[in-house]
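First the structure, in the form of structure tokens, and then the observations on it.
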DNA sequence: AGACAACCTGAGTTCAATTCAGTTTGACTG
DNA sequence: CAGTCAAACTGAATTGAACTCAGGTTGTCT
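Protein chains in written order, with the working numbering: chain A, 6 to 213; chain B, 6 to 213.
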């Protein structure tokens, strides 16, 4: 499990980078990126606003970093969950379940990722932002490929009817991530129930 | 007073409101809301930037108006498409098809709507923006209810297995609208093909 | 114990959005 | 076929949040 992945061994002992990321995830996740003042994040961490620029080139650079880390985590979890599955339907189920096996912090990260996905479309002016953006874009494609190739393997084995695996993969992925647009931990339906419903939906979509 | 206005009874004959909306949809839809300068929209229409404030209280007010109009259209299209359907499966298919029967301008509007959906979560400071936001939110709920009640009718008739209609509705809707995040008219796959694939997916999800 | 890199700060600067203080335009009236 | 007046517009000034600058402080390591 990559639980402490937000901490980087390359950082100095006094570094507040991790604290900034945690604070930013909380504020961006609850109020949204645009309506969160960058200085609020500084206040939350207990430093002046200009100190933020010691760690991130800009507010957008911080956001892109959060998005990249979350995409990396999603991909890692997918790979880990599907690694030792031989039956295509079980592999599919495991992949869906891995997408919903998340902490409250990770829910916020998914929400931030989904809400700001369109940021990845246009190039960034500054170098470090652009590096993060390109890395995030590649991870998006990697996650898409994760799903596509899972579907193609299942089709090749005859476990799933043959369809356009790419479009079907995007549809499945789209349905799964759309949950983070409306789900709140305080809601009436527990996440486990949503996860089960989506799992069954995906199986019917793909395997029938 | 009693004179009949052919274009729009609310607007004066010299009004550029419609032109501003068209220009804003094009710019927000192609480059994204954040990376589009409000003055670019003014340039496109051929007026000074300050003239925009004669029609919209702010850039966000314009965006919220675009989103509300698109939500209204989506709801209207759903109602129209499903009005005279008696068979639940046919009604379901008609609903999905209506979601993809869109012009290029409407594709941009859907893209804008999906990319900025989270703007509807937090209250706005100004009155006119807040009015648009609340109207848009209510339309979101109306569209969700459109799908939920279609599913519930089908379940009541025994055409669909009984499941949590609300969560299932959100999943279906989420899958459909997720297309606007990646679809581009210049892409390799035609929209008609995507529409057909999604239609079959929805039918398997709901009716099996 | 002192060098020095990491870390931090208050005082500016920037730039897009927005407000202000009026001026122009043209549809409608009389 | 003037005169009126609200709609439509403008250039200049203001705002505010993101960001830069020119240094100051702190903890770690040798």
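A virtual CB, placed ideally from N, CA and C, is assigned to each residue, including glycine.
Which class does residue 189 of chain B belong to by DSSP, given the choice of helix, strand or coil?
coil
Nonlocal neighbours in the same chain, by C-beta distance under 7 Å from residue 87 of chain A, ignoring five residues either side
96, 99, 100 and 155
Please classify residue 121 of chain A: is it buried, with 16 or more other beta-carbons within 10 angstroms of its beta-carbon, or exposed?
buried
Interface residues of chain B around residue 150 of chain A at Cβ under 8 Å?
Here the premise fails: no neighbours, minimum Cβ distance about 14 Å.
DSSP-derived helix/strand/coil call for residue 60 of chain A
coil
Hey, could you find the ends of the alpha helix (DSSP H) residue 47 of chain A is sitting in?
43–50
Alpha carbon to alpha carbon, how far is residue 102 of chain B from residue 85 of chain B?
12 Å
Shortest alpha-carbon distance to residue 28 of chain A belongs to which of A:40, A:19, A:50 and A:198?
A:50
For residue 206 of chain B, would you say it is in contact with chain A, using Cβ-to-Cβ distances shorter than 8 Å as the test?
yes
In chain A, what lies closer than 7 Å to residue 196 of chain B by C-beta?
By Cβ distance, chain A contributes nothing, its closest Cβ being about 11 Å from residue 196 of chain B, past 7 Å.
Is residue 111 of chain B close to chain A, meaning its C-beta is less than 8 Å from at least one C-beta of that chain?
no
Among the residues of its own chain, which have a CB less than 6 Å from the CB of residue 151 of chain B, if the five just before and after it don't count?
83
Between residue 203 of chain A and chain B, is the shortest Cβ-Cβ distance under 8 Å, so that the two count as touching?
yes
Alpha-carbon to alpha-carbon, residue 19 of chain B and residue 63 of chain B
20 Å
Just the C-alpha distance for residue 46 of chain B and residue 59 of chain B, rounded to the nearest angstrom, thanks.
14 Å
Closer than 8 Å to chain A by CB, residue 173 of chain B:
yes
According to DSSP, is residue 93 of chain A helix, strand or coil?
helix
According to DSSP, is residue 167 of chain B helix, strand or coil?
coil
Which two residues bound the contiguous alpha helix (DSSP H) that contains residue 162 of chain A?
It is not in any alpha helix (DSSP H) - residue 162 of chain A carries neither H nor E in the DSSP assignment.
Kindly say whether residue 157 of chain B, judged by its beta-carbon, lies nearer than 8 Å to any beta-carbon of chain A.
no
In chain B, what lies closer than 7 Å to residue 187 of chain A by C-beta?
175
Taking the C-alpha atoms as reference points, what is the distance between residue 199 of chain B and residue 41 of chain B?
29 Å
Taking residue 24 of chain B as part of the alpha helix (DSSP H), name the residues at either end of that continuous run.
22–36
Against chain A, which members of the segment 31–51 of chain B pass a CB distance test of less than 9 Å?
36, 37, 38, 39 and 40
Expressed to the nearest angstrom, what Euclidean distance is found between the alpha-carbon atoms of residue 174 of chain B and residue 203 of chain A?
11 Å
Assuming residue 186 of chain B and residue 119 of chain B form a contact by the criterion Cβ under 8 Å, report the distance between their Cβ atoms to the nearest whole angstrom.
6 Å
Pairwise C-alpha distance: residue 109 of chain B and residue 190 of chain B:
8 Å
First through last residue of the alpha helix (DSSP H) which encompasses residue 125 of chain A
Neither: residue 125 of chain A is in no alpha helix (DSSP H) and is coded neither H nor E.
Are the C-beta atoms of residue 24 of chain A and some chain B residue less than 8 Å apart?
no
Exposure label - residue 55 of chain A; buried when at least 16 CB within 10 Å:
exposed
Closest residue to residue 196 of chain B among B:53, B:106 and B:89 (Cα-Cα distance)
B:106
Can you find the residues in the same chain that come closer than 6 Å, C-beta to C-beta, to residue 38 of chain A, ignoring five residues on each side of it along the sequence?
68 and 121
Give me the residue from A:134, A:145 and A:17 with the minimum Cα distance to residue 61 of chain A.
A:134
If you count every other CB in all the chains shown that lies within 10 Å of the CB of residue 132 of chain B, and 16 or more means buried, which is it?
exposed
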